[in-house]
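Working notes, structure below.
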Amino acid sequence: DAGITQSPRYKITETGRQVTLMCHQTWSHSYMFWYRQDLGHGLRLIYYSAAADITDKGEVPDGYVVSRSKTENFPLTLESATRSQTSVYFCASSRGNEAFFGQGTRLTVV
Amino acid sequence: KQEVTQIPAALSVPEGENLVLNCSFTDSAIYNLQWFRQDPGKGLTSLLLIQSSQREQTSGRLNASLDKSSGRSTLYIAASQPGDSATYLCAPPTGGGSNYKLTFGKGTLLTVNP
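Line order of the protein sequences matches chains A and B.
Under the working numbering, the first residue of the first sequence is numbered 1, with each subsequent residue one higher.
Under the working numbering, the first residue of the second sequence is numbered 111, with each subsequent residue one higher.
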């Protein structure tokens with residue numbers, strides 16, 4: 001199906017574990033983004049990417065790693081999860097004008 | 111750094127009212143501005159995209175305006191309905207090339223009462 005898909009939708013992990021959130025888009029959009037959404041903070045940019053193999057830090061990148069070896073995929077990895085990373089994570093893609101968002105991944109770190 | 115402010119933070123109105131949501135931003139060097147809607151526990155749905163060359167964009171009961179020089183955008187909702195209840199977010203993109211990114215305000219939580 002065309003669109004932008006995030007997986008998993010829900011994830012519970014333990015402190016210190018590595019976890020990867022997946023994002024896949026079928027439009028071949030150049031730009032992709034990862035945001036986290038927390039009460040009181042709104043949507044904050046973690047990492048963004050202008051094309052395959054081009055990524056850059058956003059507002060809150062600490063503790064996260066991204067890669068973009070293919071245009072359609074933009075995985076986000078928490079190297080050693082902490083409770084403060086409990087949040088809802090959204091992936092988005094754009095070709096430089098309208099942006100589209102995935103359904104989100106609700107991550108709980110216990 | 112782009113700073114986005116949305117006023118009011120929350121709004122409760124009776125069904126049928128016309129209402130205005132405000133968005134202000136500090137960096138006016140934008141290509142366009144996008145308005146989104148977010149229902150509780152859901153992702154963001156694009157409502158309207160206004161190009162920098164436009165002053166207004168309409169979709170059904172929604173009308174968005176953009177004044178780049180003053181760093182403001184307004185979303186007008188006509189004849190509000192309970193189904194319009196959601197959080198509304200504006201996002202002016204900044205940067206270009208490899209630095210293109212979206213910055214969000216904290217949104218306006220709209221409740222339309224039957």
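Ideal Cβ placement from N, Cα and C applies to all residues, glycine included.
Please read these numbers as outputs of a predicted model, since none were measured by experiment.
Cut-off 6 Å between Cβ atoms - residues of its own chain near residue i, not counting five sequence neighbours on either side
i       : result
H29(A)  : S93, S94, R95
P224(B) : E125, P192
S7(A)   : M22
Pairwise C-alpha distance: residue j and residue i
i       : j       : result
W27(A)  : T5(A)   : 11 Å
D128(A) : S163(B) : The requested residue 128(A) does not occur in the structure, where chain A is confined to residues 1 to 110.
S208(B) : T71(A)  : 14 Å
R9(A)   : Y89(A)  : 9 Å
Q116(B) : A81(A)  : 32 Å
C200(B) : S67(A)  : 28 Å
D62(A)  : R36(A)  : 12 Å
L107(A) : G206(B) : 31 Å
E59(A)  : E113(B) : 12 Å
L212(B) : E14(A)  : 31 Å
E166(B) : V123(B) : 24 Å
L157(B) : P150(B) : 16 Å
A174(B) : C91(A)  : 25 Å
Residue closest to residue i, alpha-carbon to alpha-carbon, out of the options
i       : options                            : result
S179(B) : L185(B), Y186(B), D137(B), E125(B) : D137(B)
T111(B) : A139(B), L121(B), R165(B), S122(B) : A quick correction: the sequence has Lys, not Thr, at residue 111(B). Considering only alpha carbons, the answer is A139(B).
P203(B) : Q191(B), L159(B), Y186(B)          : L159(B)
T155(B) : Q103(A), V60(A), P75(A)            : Q103(A)
F101(A) : L121(B), N142(B), F146(B), Y141(B) : F146(B)
N97(A)  : G181(B), V222(B), E166(B), Q161(B) : Q161(B)
S87(A)  : D53(A), A51(A), K11(A)             : K11(A)
A51(A)  : L107(A), T15(A), Q25(A), V110(A)   : Q25(A)
G3(A)   : A99(A), V109(A), T108(A)           : A99(A)
S134(B) : F214(B), R182(B), Y198(B)          : R182(B)
Contact check, residue i vs residue j, beta carbons under 8 Å
i       : j       : result
A196(B) : Q148(B) : yes
L176(B) : D194(B) : no
L131(B) : T184(B) : yes
Y47(A)  : Y210(B) : no
N128(B) : I187(B) : yes
Q18(A)  : L78(A)  : yes
K216(B) : A119(B) : yes
T105(A) : L45(A)  : no
V110(A) : Q85(A)  : no
G42(A)  : F214(B) : yes
Residue i CB to nearest heavy atom of the ligand GDP below 7 Å
i       : result
F100(A) : Of ligands this structure carries none, so the ligand GDP is not represented either.
Residues near residue i in its chain [Cβ-Cβ closer than 8 Å; skip 5 each side]
i      : result
S49(A) : Y31, M32, F33, T55, D56, V66, R68, F74
Contact set for residue i: own chain, Cβ-Cβ below 7 Å, skip 5 residues either direction
i       : result
R171(B) : I187, A188, A189
G16(A)  : S80, A81
Tell me which residues of the stretch 89-107 of chain A have at least one Cβ-Cβ distance to chain B shorter than 9 Å, keeping chain order. F90, A92, S94, G96, N97, E98, A99, F100, F101, G102, Q103, G104, R106
Near-chain B residues of the stretch 7-39 of chain A (beta-carbon distance less than 8 Å), N- to C-terminal order: Y31, F33, Y35
What residues in the stretch 49-73 of chain A bring their beta carbon closer than 8 Å to a beta carbon of chain B? A50, A51, I54, D56, G58
Mind listing which residues of the stretch 129-146 of chain B have their C-beta closer than 8 Å to chain A's C-betas, in chain order? Y141, N142, Q144, F146
Got a sec: which bits of the stretch 172-196 of chain B sit with their beta carbon under 8 Å from any beta carbon on chain A, in order along the chain? none
Taking a cut of 7 Å between CB atoms, which residues from the stretch 154-173 of chain B lie near chain A? L154, S156, L159
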